[in-house]
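Numbering (my numbering), first residue to last: 429 to 493.
Think of the CB as a built atom: it goes at the ideal place given N, C-alpha and C, for glycine as much as any other residue.
In this text the structure is predicted, and so the values were computed from the model without any measurement.
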Amino acid sequence: MKKKTLEQVIQKLPYRCPYCDQPISYGQFNLKVGENAIKCPSCKKTYIKLVAPSLTEGDHGSRRQ
Numbered sequence: 429m430k431k432k433t434l435e436q437v438i439q440k441l442p443y444r445c446p447y448c449d450q451p452i453s454y455g456q457f458n459l460k461v462g463e464n465a466i467k468c469p470s471c472k473k474t475y476i477k478l479v480a481p482s483l484t485e486g487d488h489g490s491r492r493q
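The structure is reproduced here in structure tokens:
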């Protein structure tokens with residue numbers, strides 16, 4: 429029998445640029461599953477943001493029986 433893990437968010441912090449540590453909102457970017465090149469609006473440096481496939485969508489999603 430498989431146990432379903434329960435995830436609980438304790439504290440949510442803003443996403444930050446790894447170079448200048450300024451908060452970044454990813455709502456302005458069209459993120460897709462996989463690698464996404466993000467250019468920081470503050471320091472203008474580019475970094476890679478990885479997006480994993482959602483566990484609740486697609487072929488690997490939750491399977492209710």
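For Gly462, the pairing in a beta bridge is given by DSSP as Val479. Taking a contact as a CB-CB distance under 8 angstroms, the pair Lys431 and Leu459 does not count as one, their CB atoms being some 31 angstroms apart.
Partner residues in the beta bridge of Thr474, as assigned by DSSP, are Lys467.
Rounded to whole angstroms, the gap between the alpha carbons of Gly462 and Tyr475 is 13 angstroms. The beta carbon of Lys473 lies closer than 7 angstroms to those of Tyr447 in the same chain, with the five residues before and after it left out. If you compare the alpha carbons of Val437, Cys471, Ser482, Val479 with that of Pro451, the shortest gap goes to Cys471.
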